[in-house]
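In our numbering, the protein residues as written are 1 to 228. Beta carbons: idealized from backbone N, C-alpha and C, even for Gly. Keep in mind that this is a model prediction, so the values were computed, not measured. Have a look at the structure below, then the notes.
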Ligand code: ADP
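Put into C-alpha cells, the structure is as follows:
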C-alpha cells in the first residue's frame with residue numbers, strides 16, 4: 001500500500017486553474033498532489049538578440065525555476081542552477097513538437113514556469129501547465145502535451161512517484177510526456193537502473209496515465225478559460 005493510499009497506477013489529485021496571471025497572454029496553475037506550478041506564456045514577440053531569429057520557424061524559450069520556499073526543510077538557494085537549465089531544455093524539447101512553429105517564423109514565444117511546491121515530478125507538472133498556458137494564449141498547436149513520472153519503488157512499478165517513493169533504495173524515476181492524440185512520446189528520461197522489461201511496463205503505464213491527464217487538460221479548456 002502506498003503511504004497516500006493510492007493504487008499503483010493512480011496519479012495524485014489534480015487541480016487546474018487557467019489564466020491566473022493577468023499580464024500574460026496565457027497561463028495556468030497546475031497542482032498534482034503536493035507539487036504545484038504556475039506557467040505563463042509571452043509572445044509571439046520579436047526575437048532579441050536579432051541574430052537568434054529563424055526565418056523559417058518560431059523559437060521557443062523555456063525558463064523552469066524552483067522557488068526558495070518550494071522544498072521541504074531548508075530553503076532552496078534562489079536562482080537558476082544546472083538542474084533548472086537541464087529541465088528548461090527538456091521541457092522545451094517536449095513542447096516543441098506540439099507547436100506549429102512554422103506559423104511563427106521570426107518570432108519568439110517565452111514560457112516561464114515557477115515551481116511553488118515541490119514533492120517530486122516538478123518537470124512533468126511544469127509541462128502539463130505549460131501546454132495549457134500555450135493553449136490559453138491561442139498558440140497554434142497540433143496537440144496538447146501531457147506528462148507524468150512513472151517509476152519503480154519498493155519493487156513495484158508506480159505511477160506519479162512522491163519524493164518519499166523517489167528516495168527508495170531501488171527507485172527508478174522515468175518522466176514521460178506524450179502528444180496524446182498521436183500517441184507520440186516527446187520526453188523520456190530515466191534516473192536509476194532498469195531492465196528492458198521494467199522499461200516496457202513503465203512506458204505502458206506512463207502512456208495510459210498521460211491519456212487520463214490529457215482528459216483533465218481538455219476538460220479544463222472546454223469548461224472555459226476562467227481566472228481566479
Ligand atoms: P522532478 O521534480 O522533475 O522529479 P528531480 O528528480 O530532479 O526532478 O527532483 C525530485 C524532487 O527532489 C523535486 O521535486 C524536489 O521535491 C526535490 N528537489 C530537487 N531539487 C531540490 C533542491 N535543490 N532542494 C531540495 N529539494 C530538491
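Please check the pair residue i and residue j, which I expect to be a contact at CB under 8 Å, by giving their CB distance rounded to whole angstroms.
i: residue 178; j: residue 207; result: 6 Å
i: residue 27; j: residue 16; result: Not confirmed; about 11 Å, so no contact.
i: residue 144; j: residue 217; result: 5 Å
i: residue 175; j: residue 108; result: That belief does not hold up - the Cβ atoms of residue 175 and residue 108 are roughly 26 Å apart, past 8 Å.
i: residue 129; j: residue 30; result: 4 Å
i: residue 203; j: residue 11; result: So it is not a contact: roughly 16 Å between Cβ atoms.
i: residue 170; j: residue 153; result: 7 Å
i: residue 123; j: residue 91; result: 6 Å
i: residue 47; j: residue 89; result: Between residue 89 and residue 47 the Cβ distance is about 18 Å, and since that is not below 8 Å, they are no contact.
i: residue 9; j: residue 205; result: 6 Å
Short check: CB of residue i to CB of residue j, under 8 Å?
i: residue 127; j: residue 187; result: yes
i: residue 137; j: residue 41; result: yes
i: residue 210; j: residue 148; result: yes
i: residue 117; j: residue 70; result: yes
i: residue 103; j: residue 56; result: no
i: residue 14; j: residue 32; result: yes
i: residue 121; j: residue 161; result: yes
i: residue 18; j: residue 220; result: yes
i: residue 157; j: residue 201; result: yes
i: residue 230; j: residue 111; result: In the structure displayed, the chain extends from 1 to 228; residue 230 sits before or after that span and is not available.
i: residue 119; j: residue 163; result: yes
Any heavy atom of the ligand ADP within a distance shorter than 7 Å of the CB on residue i?
i: residue 9; result: no
i: residue 58; result: no
i: residue 165; result: no
i: residue 206; result: no
i: residue 83; result: yes
i: residue 122; result: yes
i: residue 119; result: yes
i: residue 149; result: yes
i: residue 145; result: no
i: residue 68; result: no
i: residue 71; result: yes
i: residue 191; result: yes
i: residue 92; result: no
i: residue 89; result: no
i: residue 170; result: no
i: residue 175; result: yes
i: residue 76; result: yes
Practice problem: Enumerate, from N- to C-terminal direction, the unbroken beta strand (DSSP E) stretches of 3 or more residues contained entirely within the stretch 108-173. | Solution: The stretch 108-173 contains, as complete beta strand (DSSP E) runs of 3+ residues, the segments 146-153, 156-159 (chain order).
Practice problem: Scan the stretch 58-96 and note each continuous beta strand (DSSP E) run of 3 residues or more that stays entirely inside, going in chain order. | Solution: Entirely contained in the stretch 58-96, the beta strand (DSSP E) runs reaching 3 residues are, in chain order, 59-66.
Quiz item: Can you list, in chain order, the stretches of the beta strand (DSSP E) that have 3 or more residues and sit fully within the stretch 8-39?
Solution: List check, beta strand (DSSP E) in window: 14-18, 26-32.
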